[in-house]
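Here is the structure we will look at.
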Amino acid sequence: MDSGSAPTALVLFFIAFAIADGLKCLSCRGQNVYECIMSAMIKVCKKGEECRFRMLHRRFIPSNTMAWFEGGCASRAECRAPDNHYAHFCCRISYCNYLPVGR
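Just so you know, the sequence shown maps onto residues -22 to -1, 1 to 81 in mature numbering (1 follows the signal peptide of the UniProt record, and there is no 0).
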């Protein structure tokens, strides 16, 4: 799998945990997408929250100790807000926004 398809693969994991009685998301942090998935826990989101996956922009990575990839629940407002440090996208039960919100 090339690096361009890795975030798309993670989206499929997020969607797989979306069920009718409550949105369940992967909650994880890692230095790469695979580390994030391997350390992931399943979290049930609160009402009105969506699954969010964030990728830290390369220019903001100061060291190897920082999490570059994060997954988890986020409010709709957090999902819609621009983020200058992270590119992120959010998923709900019925669809996923594949385009990063941050610049």
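Every residue gets a Cβ at the ideal spot worked out from N, C-alpha and C, and that includes glycine. Values in this document were obtained by computation on a predicted structure and should not be read as measured data.
Q.
Does the beta-carbon of M16, which I'm using as the reference point, lie nearer than 8 Å to any heavy atom of the ligand GTP?
A. In the structure shown, the ligand GTP is absent, as is every other ligand, since no ligand is present at all.
- Message: Which residues does DSSP list as the beta-bridge partners of K21?
- Response: To locate residue 21, count along the sequence shown from 1; it is residue 43. In DSSP, K21 forms a bridge with C3.
- Query: Since N10 and F67 are thought to touch, with beta carbons under 8 Å apart, how far apart are those beta carbons, to the nearest angstrom?
  - Reply: Counted from its first residue, the sequence shown places residue 10 at position 32. Counted from its first residue, the sequence shown places residue 67 at position 89. So it is not a contact: roughly 17 Å between Cβ atoms.
Let me confirm a value: M19 is counted as buried when at least 16 other C-beta atoms fall within 10 Å, else exposed. Which label applies?
Taking the sequence shown and counting its residues from 1, one reaches residue 19 at position 41. With fewer than 16 other Cβ atoms within 10 Å, it is exposed.
Compare the C-alpha of N62 against each of H35, K24, K2, V22 and name the closest.
Numbered from its first residue, the sequence shown carries residue 62 at position 84. Minimum Cα distance to N62 is reached at H35.
Practice problem: Grab me the residues of S17's own chain with a C-beta within less than 8 Å of its C-beta, minus the 5 sequence neighbours each way, in chain order. | Solution: Taking the sequence shown and counting its residues from 1, one reaches residue 17 at position 39. Correct list, in chain order: C6, R7, G8.
How far does the alpha helix (DSSP H) with A59 in it extend, from its first residue to its last? Here residue 59 corresponds to residue number 81 of the sequence shown, with the count starting at 1. No alpha helix (DSSP H) holds A59; DSSP gives it neither H nor E.
If I measure Cβ to Cβ from G26 and keep anything under 8 Å in the same chain, skipping five residues before and after, which residues do I get? Counting from one through the sequence shown, the residue named residue 26 turns up at place 48. Here the set comprises S53, R54.
Exercise. Going by Cα to Cα distance, which pick from C69, C51, C57 is closest to C23?
Worked result: As a working mapping, residue 23 is identified with position 45 in the sequence shown. It is C51 whose Cα lies nearest to the Cα of C23.
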